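Just so you know, UniProt numbering puts 31 at position 31 of the sequence shown, and the rest follows in order with no gaps. Glycine included, every Cβ here is placed at the ideal spot set by N, Cα and C. Quantities reported herein were computed from a predicted structural model and do not represent experimental measurements. Read through the structure below, which is laid out as structure tokens, and then see the notes.
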Amino acid sequence: MTVWLILLIAFILRIIPRLISKNSWNYDTYFHMAISRIIKKHNYKIPKDKGRFSLDDNMDYPWLFHWLFSFVPDKNIYLAEKISSAIIDVIHIALAMWISHKLFINLDMQNANGHLWVGFLMAISPSFLRIGMGPRAYNATPRVLSQLLLFIFFVSLAFFYQEGSTTWLIIGLVCSVLINISSIFGFQFIWFISIILALFGFYEALVLTILGLIISFLIFGNKVYIVIRGNVLSMKYYYSTLAKNYVGLIEQKACISCYFKRFKQNFLTTKMLNWFMMDQYPLHILIFFMPQALIVLFYQDYLSQDSDFLFIVFLSSFILFLLVLIPKFVFIGEAERYLEHTLFIQIFLFVEIFANLNNTVLIIISIWYIICYTQYIRLYLKYYKNIKVPYKLIEQIDKEENIIYPLGQYSWILLYNLKKAKICYYSTSWTNSKVSQEDLHLITGNYPYPGTNLRVLKQKFGITHILTNELAIQNYKNFIKNTQNDNLEFIDKEDNCIIYKIEDFKNES
């Protein structure tokens, strides 16, 4: 199997669903495309806010990907959105094979195909291809670019430890600077991992991370400060308030009894396969879709001492994975994403162990990964192919006097499509310089649903309409049924989407 064939396979696997479902933007895609368009309208400069939000709103989301995407001509937006993640992943995998080849030479590895195994397993890995909390491989997302930068950052340090060249430190420093403006999770990841590495005696990662932050401030000034401040305060609010009120979060992410309850409910039913592929409990994902991580831990004695740094990076991500299983720590992100961001290291170490021991293990894992991919494509087309955008409803309420609350993943669709009306929502971070934490809780309430006091939502924030769907509004009505706040007037419906108007209250001044 040649390098070019592996790269072709990687690209094809990622665009197949988009060839079948040509314009299936997922909900997050609308946000990323909206931010890119806003930057383009500001002559490729980063604006102070995102616009269309009724609350004071900063550009507190990392904007590197959106800035790069803003240079895509309007006529090519749909094509670029389809293939951007595939192209970045192909670059990632190509670099992974080249770096693996160099590292295996340094390790005097006898199997000449080790780097090809690394590339192939990365191309088909469920860590990159699975769907769940937002599919990363099939739509435009800054997550993929951030993973590429983090990959380069840590392998640069690995080469520095092996070769002692300061060139690798410079490359790592450049990546550290860019990670600060690439993604929220990437910023968290580099800091958490670097701190743990320092505890193991590898201080260079933390030094580069600190220097990268300083240089970011010098280059980007207040723009990067707003992003980092938003991220830090967002985690603080998530920890102090949101995690306690996020409907279903603990049950999905940090409750093993809830997992077995779901298993019992779906066992030997027609829904079992879909549940098996889509369940979000981290240990389920680890065992069935990231088995290479457990295998590397079990067979670590077969690793060379020259791989110590890479193993410690992986071990650090595994420590964070376990930490997020504790309910109090769910605020630092999805557990499985910490392992997803060290995929190259896991697979490199996995291949280092088995390429000289038993190729059968590599073949079995490959077959399982391919089976998983076929199911991911089926589920992607099932859940993402027919995302309905209620253009008629949006046009009907897109008036300057209206403020809309999006109930049921419509916030970014509204951001992309509204021209006059405003959105009352938390934007991208759970922080706001002009909104108190108490008021923010009124808006986020029982996330993803708003607070139960519609009177306050209307009087204090001026919300006039709710854009929702049948399932979301039914769940919300269950929250407000005993509050005497059900002042919702049905306006119109388009497919599964519904628009309600919040009626005036009788004693409203």
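If the five residues before and after G114 are omitted, its C-beta is found closer than 6 Å to the C-beta atoms of F104, V351 and A355, all from its own chain and listed in chain order. Inclusion of S54 and K422 in the CB contact set at 8 Å is warranted, their separation being smaller than that value. Counting along the chain, E489 sits inside the beta strand (DSSP E) bounded by residues L488 to E494. Straight-line spacing of the CA atoms in K501 and L178 works out to 44 Å. The beta carbons of S411 and Y425 sit closer together than 8 Å.
Nearest to S183 by alpha-carbon distance, out of I287, P62, Y376 and L79, is P62. Per DSSP, N469 is one residue of the beta strand (DSSP E) stretching across H465 to N469. Listed in chain order, the non-local C-beta contacts of L381 below 7 Å within the same chain comprise P17, I20 and S21, local neighbours out to five positions each way being set aside. For the pair V324 and I312, the CB atoms are not nearer than the 8 Å cut-off. By the neighbour-count definition (other C-beta atoms within 10 Å, threshold 16), S36 is a buried residue. A distance of 8 Å or more separates the beta carbons of Y376 and N26. Between L64 and I171, the beta carbon gap of about 17 Å keeps them out of contact (Cβ cut-off 8 Å). If you draw a straight line from the Cα of V72 to the Cα of A80, it is about 7 Å long. For K501, the enclosing beta strand (DSSP E) starts and ends at C497 to I502. Taking a C-beta distance under 8 Å as the contact criterion, I365 and A254 do not qualify as a contact pair. If you look at Y405, you'll find it in the beta strand (DSSP E) that goes I403 to P406. Beta-bridge analysis with DSSP links K422 to I403.
Under a 10 Å Cβ-count criterion, A137 is classified as buried, with 16 or more other Cβ atoms of the shown protein chains found around its own Cβ.
F53 sits in a strand when the DSSP states are folded into three classes.
If only uninterrupted alpha helix (DSSP H) runs of at least 4 residues are considered, those enclosed by the segment 56-106 are 64-69 and 77-106. The closest CA to that of F159, considering only L107, F289 and R378, is found on L107.
Scanning S257, V90, I353 and E334 for the CA closest to the CA of D301 turns up I353.
For the options I152, H66 and S146, the alpha carbon positioned closest to that of A96 is the one of I152.
S127 is positioned such that its CB atom lies closer than 8 Å to that of E340. The count of Cβ pairs closer than 8 Å, one atom from the segment 392-406 and one from the segment 460-469, reaches three, so the stretches are in contact. In this structure, the straight-line span from the alpha carbon of R14 to that of V144 is close to 12 Å.
Per DSSP, Y373 is one residue of the alpha helix (DSSP H) stretching across N359 to Y383. Bounds of the alpha helix (DSSP H) holding T444 are Q437 to T444. In the displayed model, R143 falls within a helix according to three-state DSSP.
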